[in-house]
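**Student:** Take a look at the following structure, please.
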Amino acid sequence: MTAPIDQAELLRRARGRSRTPAPGAPAAGPVPRGTAPGPAPLSHAQQRMWLMDRLGQGGPRYHVPLATRLRGPLDREALAAALTGLTARHHILRTRYGHLDERPHQEVAPPAPVPLPVRDATPEGAAALLSAEAARPFDLATGPVLRALLLRHAPDDHTLLLALHHIAVDGGSLPVLAEELGALYAAAAGGRPAGLPEPELQYADYARWERARDDRLGAAATARADRLAGAVPLPLLRPVPPGTPERRAVLHSAPLTADTLDGLRRLGARHGATAFTVVLTAAFAALRAATGGSDLVLGCAGGHRSRPELRRLIGLQVNTLPVRARLPEPDGDPAFSELLATVRTALLDAQEHHEVPFDLVVERLGAAARGADGTPLLAVSCDLVHPAEPLKLPGLDAEAVEVDLGLAKFGLTLLVEDGPSPRCLLQHDPAALDGATAGRLHAVFAALLTAVAADADRPLSHLPGERLPGESLNDDLPHGDSPEGELPDGERFPGAAGPAEGPDRHPAVAALLADPRVTDAALHLAEHGPALAYASVTGPVAPSGAELRAALRRGLAEPGALPLAVTLLDRIPRRPDGTLDPARLPGAPTAHLDAVRDVFAELLGPRPGAEDDFFGLGGHSLVAVQLAERLRARLGLPLTGLDVLERRTPRALATLLAERAAERGSGARRPASGTRATPVTRSGTVLLTGASGGVGAALLQELVAQGRPVRALVRPESAHLVAGSGVEVAEGDLADRESLRRAVEGAETVIHAACTFTEHAVDLAAMRTLVEGWRGTGGFVFVSSIDAYGRPEAGEVPEGGPSAGPLTPYGRAKLDCERILLDAAPSARGPVAVVRSPIVWGPHRRLRDQLRWGATGALYQSALAGRPILLPEPAAGWAGASWVHSAALARAVTASLGRAPGRIVNAVTGHVSWAEFSAELVRLLGSSSTVGYGPEAEAELLRPWHYRADALAGPLTPEPGEDWRAVLAAMTARTAGAH
């Protein structure tokens, strides 16, 4: 996309206003050099990234893709050596992120070669491959945080992609990274040392320095929070629920003339302001007209690179700056130049305190950091950006390639791109602002910039502006109303509501029943308690309770009608007359209420009331994670920080915990978090790894349906995903060998379905640990991949046939893991088996996400963007995808122990040609893509194999709803719905 302009000029002006720190600004000396050994704390900016990842709200939004088209004779070995040299020089590029004693930390991994996979690709097909690779998840706990991919279009024509996580870099890091990569490449190609000086600092030095100043930063944050007292979110935006996993972005663009940009710069110069200040003022003016508001807060990017010792430091040094401008009331009519002076003062004030971490300010704001409906105070941002620069390597022509992942960090962002082709941009999350309103605001913003560039002395009433309809639910709330389920005194809803009660039923029940996936719904309001909704659902893609509540939050006309929680039940208990029977509802919230209030008090001060709000008590993201971890350890029940952010009150959390206790049933067992005690093993226990993933979820469902006692290995934050009757949770991770040893101890059977996808050494070590620790007789099944076959001769591939090179790194890791298991078979007490599966399709979220990766990812991204889809020539023979339904794979895996001991077998539902797949994808997405054929099609699509699956043919027989068109429709319906 674009890279932020360094606002060093603004910082210099801010510093020039006074040689002494501004009131409330923390004074500090230079950053000391010399990284201490061992783990280091996270900087405040890193902690924000870590928390977003931990809460499941990070993802590709915080990926930094850097792509460059390179024409000329590229030395791939020199490029790989340069990437390895870059990570050796800058520790932050090989840092991993763990947590201990409820606190995250960073630790540098040893230097290691950076893989540089090469894929053949046409220039036309490169965009989809780049997007798919850039969107592929990072694992912050295991690393790496830098990945490289080289697309080969011709012998002297390549595209290089570097994908980094934002926790390791910012916009100011990229020029340093590019410069050093070029120097290291030139040195490696010439067989000589690069001669680069050692970095003055490592990022851990900066993180320790910042954390050592936390007391002063905290005091400064209190002062900044006081400056924001009384501010409210922009009323133009709708609330977006905290649990929304992915925030799609829609971009509106309009060209600006070079004369307009010159005019904006001249205007700033006349008033002692930067061009960015002028753009920010135009944003404030457009939003003042749109909302009628005179007290607005916008966000902009700040940083710490004004310090000389930090200018060449690679790492995350950005900070979000809230700029509060008190503008003239709507009946006032100042000139734009007068408004510029007001905004300039507000921006300079924010810039003077650029080192005060925004997360500390949010902590001190507490509940005031959000509106009553949950909308963040800072949901709108503004920036002036430049087009991204290419990575310039000696001897090659370089051209920057845009990789836009189409994701939004804010509900609304107003931008100006300053470059050879200037543009006015508006990016918005359609969940927060509808497209029509965003388009009208964008048109006003573009027209306003053009007008003030020509004449900034005109009054605002003579400049473009339009009052737009407010979308925020705040506008509909009477003073003092709560959007979280409580109604004003005298207006409480009946204690029970449901379908039997006719047209007068509660609006939340009516809204739930309007969803075709909901078969029954009811609402219960206990005495002195909040409204709680219950629902029964059906269908292959049944929603969760959180998803149903999020839909209610968006759709209910009265925010006060929103229930505190929606709990899913197989059957809603009713009396003979059809009304709800509260006595038979699962769990009693009060059973856990005291424990929840105790932990609230430990982390947030005085013991809260049952209805006190987490944010109002001073809670923030890190406390949410800590609170969830303590309750998990204390109660042995799954809970995440995101649950805390969504439920917010002790009573609502206690209700959720009661629901999860009921879901587990009396057979559920789970050792306390972090315990090293030997688990209590039930007879016939099956250890299942990867239970929180798409394949693992299907396996778990099948095992529970068969009545087998299951021990599920999951990370602590994912424990709630496997909660269910008879499921014992074993907290651990593939990289934690001790947790694997504890999990496998006493297990009769092992089904190993987990892998890291990228950390092959971790996968191999995990396999060895599980095989060595298994002493059962029930069997060991490894869920492998057909990638272990490599690229055999075209046609039918027999089960267990020989591998033929070249193998992908993923396929090689799977093959090596298979050999570890099969080599142990002669001495094992029970049978072993390897089940190789192709791509797995199913309704699970993780499986839907995989549509964006690999061969299907390239086709999906093209169809989603409306780009032409190019397939291999039909004359080259059949080519397509081998696939298996997740439910069929689960049946096959559980059956394989008795039917295929000691063998490698395949689990394949069927094969679908790329032509059929692409046509169906275009239809389902309503895409404008055309499907064509040509020799330039991606090499990855040349998959001419049909895999035999005879040994497990019985359990693989498709059941109703398991045909490829039905499952693809379910997957794309949920995926497109998130855009």
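Sequential numbering of the sequence shown, starting at 2, is according to our numbering.
Yeah, the Cβ is synthetic: ideal placement off N, Cα and C, and Gly gets one too.
Keep in mind it's a predicted model, so treat the numbers as computed, not measured.
1. What three-state label does DSSP hand A882 in the structure shown?
2. Note down, in chain order, each residue of its chain lying with its Cβ closer than 6 Å to the Cβ of A826, except the 5 sequence neighbours on either side.
3. In whole angstroms, what is the alpha-carbon distance linking E339 and R468?
4. Roughly how many angstroms separate the alpha carbons of R652 and A551, rounded to a whole number?
5. Reducing DSSP to helix, strand and coil, say where G219 ends up.
6. To the nearest angstrom, how far is it from the Cα of V784 to the Cα of Y934?
7. For S838, report the span of its beta strand (DSSP E) as first-last.
8. Between P388 and T757, what straight-line distance do the alpha-carbon atoms span, to the nearest angstrom?
9. Thinking just about the alpha-carbon of each residue, which of L152, V146, P875 is nearest to the one in H166?
10. Cutting at 7 Å between CB atoms, please list the residues of its own chain near V885, excluding the five before and the five after it.
11. DSSP three-state call for C818: helix, strand or coil?
12. Please state whether DSSP places D398 in a helix, a strand or coil.
13. What separation, rounded to the nearest whole angstrom, lies between the Cα atoms of G481 and A370?
14. Sorted by chain position, which residues of the same chain lie with C-beta nearer than 6 Å to V1025's C-beta, five sequence neighbours on each side aside?
15. Rounded to whole angstroms, what's the CA-CA distance from A662 to R738? Just pull it up for me.
16. Applying the criterion that 16 or more other CB atoms from any shown protein chain within 10 Å of the CB defines a buried residue, is P517 buried or exposed?
17. Thinking C-alpha only, which one of S307, G779, H154, L646 is nearest H354?
18. Roughly how many angstroms separate the alpha carbons of L281 and L87, rounded to a whole number?
19. Please work out which residues of its chain come closer than 6 Å, Cβ to Cβ, to F148, disregarding the five sequence neighbours upstream and downstream, and give them in chain order.
20. Quick one: grab the DSSP three-state call for D714.
21. Of the choices L84, T96, T123, T809, whose alpha-carbon is the least far from that of P114?
22. Output the distance between the C-alpha atoms of A970 and L925, rounded to the nearest integer angstrom.
23. For P156, report the span of its beta strand (DSSP E) as first-last.
24. In this structure, does DSSP put I93 in helix, strand or coil?
25. Kindly indicate which three-state DSSP category S537 falls into: helix, strand or coil?
26. Threshold first: 3 residues or longer. Then list the beta strand (DSSP E) segments lying entirely within the segment 395-469, N to C.
27. Can you give me the C-alpha to C-alpha distance between A891 and E356, rounded to a whole angstrom?
28. Can you check whether the CB of I93 is closer than 8 Å to the CB of G1018?
29. Using the rule of at least 16 other Cβ atoms within 10 Å of the residue's Cβ for burial, across every protein chain shown, is V119 buried or exposed?
30. Using a 10 Å radius around the Cβ and a threshold of 16 neighbouring Cβ atoms, would you call R34 buried or exposed?
31. For L714, tell me which candidate among A706, E746, G708, E703 has the shortest Cα-Cα distance.
32. Taking the C-alpha atoms as reference points, what is the distance between V279 and G412?
33. Once DSSP output is grouped into helix, strand and coil, what is the label at E729?
34. Just to confirm the assignment, what range does the alpha helix (DSSP H) spanning L925 have?
35. Determine the DSSP secondary structure at H355, reduced to helix, strand or coil.
36. Name the DSSP bridge partner or partners of L526?
**Tutor:** If we stick to the structure as given:
1. Here residue 882 corresponds to residue number 881 of the sequence shown, with the count starting at 1. Looking at A882 - three-state DSSP - the assignment turns out to be strand.
2. As a first step, residue 826 is located in the sequence shown; it is residue number 825 there, counting from the start. Hits under 6 Å: V833, G903.
3. Here residue 339 refers to the residue found at position 338 of the sequence shown. Here residue 468 refers to the residue found at position 467 of the sequence shown. Their backbone Cα atoms lie some 21 Å apart in a straight line.
4. As a first step, residue 652 must be located in the sequence shown, where it is residue number 651. As a first step, residue 551 must be located in the sequence shown, where it is residue number 550. Between R652 and A551, the C-alpha separation is close to 19 Å.
5. Numbered from its first residue, the sequence shown carries residue 219 at position 218. Correct three-state label for G219: helix.
6. For this step, residue 784 is matched to residue 783 along the sequence shown. For this step, residue 934 is matched to residue 933 along the sequence shown. Between V784 and Y934, the C-alpha separation is close to 35 Å.
7. Numbered from its first residue, the sequence shown carries residue 838 at position 837. The continuous beta strand (DSSP E) containing S838 extends over residues 833-838.
8. The residue labelled residue 388 in the question sits at position 387 within the sequence shown. The residue labelled residue 757 in the question sits at position 756 within the sequence shown. Whole-angstrom Cα-Cα distance: 34 Å.
9. Stepping through the sequence shown from its first residue, residue 166 is reached at position 165. Of L152, V146, P875, the residue nearest in Cα terms is V146.
10. On the sequence shown, residue 885 is found 884 positions in, with the first residue counted as 1. Within the same chain, V885 has close Cβ partners S838, P839, V841, A908, V909, T910.
11. Mapped onto the sequence shown, residue 818 falls at position 817. Helix at C818.
12. Here residue 398 refers to the residue found at position 397 of the sequence shown. Residue state, collapsed to three classes: strand.
13. If you number the sequence shown from 1, residue 481 lands on position 480. If you number the sequence shown from 1, residue 370 lands on position 369. Since pLDDT at G481 reaches only 30, below the 50 mark, its modelled position is unreliable, and no value is offered.
14. The first residue shown for the chain is 2 and the last is 980, placing residue 1025 beyond what the model contains.
15. Translated into the one-based positions of the sequence shown, residue 662 becomes position 661. Translated into the one-based positions of the sequence shown, residue 738 becomes position 737. Distance from the CA atom of A662 to the CA atom of R738, rounded to whole angstroms, is 29 Å.
16. The residue labelled residue 517 in the question sits at position 516 within the sequence shown. Per the 10 Å Cβ criterion, exposed.
17. On the sequence shown, residue 354 is found 353 positions in, with the first residue counted as 1. H354 has its Cα closest to that of S307, out of S307, G779, H154, L646.
18. Counted from its first residue, the sequence shown places residue 281 at position 280. Counted from its first residue, the sequence shown places residue 87 at position 86. One C-alpha to the other measures close to 37 Å.
19. Taking the first residue of the sequence shown as 1, we reach residue 148 at position 147. Sequence check: residue 148 is Arg here, not Phe. Contacts found: A164.
20. Here residue 714 refers to the residue found at position 713 when the sequence shown is read from its first residue. The amino acid at residue 714 is misidentified as Asp; the sequence shows Leu. If DSSP states are grouped into helix, strand and coil, L714 belongs with the strands.
21. As a position in the sequence shown, residue 114 is number 113, starting the count at 1. P114 has its Cα closest to that of L84, out of L84, T96, T123, T809.
22. Start at 1 with the first residue of the sequence shown, and residue 970 comes out as number 969. Start at 1 with the first residue of the sequence shown, and residue 925 comes out as number 924. Answer to the nearest angstrom: the Cα atoms are 7 Å apart.
23. Stepping through the sequence shown from its first residue, residue 156 is reached at position 155. Counting along the chain, P156 falls outside any beta strand (DSSP E), and DSSP gives it neither H nor E.
24. Counting from 1 along the sequence shown, the entry for residue 93 is found at position 92. DSSP places I93 in helix when its eight states are reduced to three.
25. Counting from 1 along the sequence shown, the entry for residue 537 is found at position 536. In the structure shown, S537 adopts extended strand secondary structure according to DSSP, grouped into three states.
26. 398-402, 413-418, 424-429
27. Here the question's residue 891 lines up with position 890 in the sequence shown. Here the question's residue 356 lines up with position 355 in the sequence shown. Each residue's CA atom was taken as its position, placing A891 and E356 some 52 Å apart.
28. In this structure the chain extends from 2 to 980, so residue 1018 is not present and cannot be described.
29. As a position in the sequence shown, residue 119 is number 118, starting the count at 1. Answer is exposed; the Cβ neighbour count stays below 16.
30. Residue 34 sits at position 33 when you count from the first residue of the sequence shown. Exposed, since its Cβ has fewer than 16 Cβ neighbours within 10 Å.
31. Counting from one through the sequence shown, the residue named residue 714 turns up at place 713. Ranking A706, E746, G708, E703 by Cα distance to L714 puts E746 first.
32. One-based indexing of the sequence shown puts residue 279 at position 278. One-based indexing of the sequence shown puts residue 412 at position 411. Straight-line Cα distance between these residues: approximately 22 Å.
33. Residue numbering aside, residue 729 sits at position 728 when the sequence shown is read from its first letter. Three-state DSSP puts E729 in a strand.
34. In the sequence shown, counting from the first residue as 1, residue 925 sits at position 924. That run of the alpha helix (DSSP H) goes 915-926.
35. Numbered from 1 along the sequence shown, position 354 holds the residue referred to as residue 355. Coil, per DSSP.
36. Residue numbering aside, residue 526 sits at position 525 when the sequence shown is read from its first letter. Note: L526 sits in a beta bridge opposite A532.
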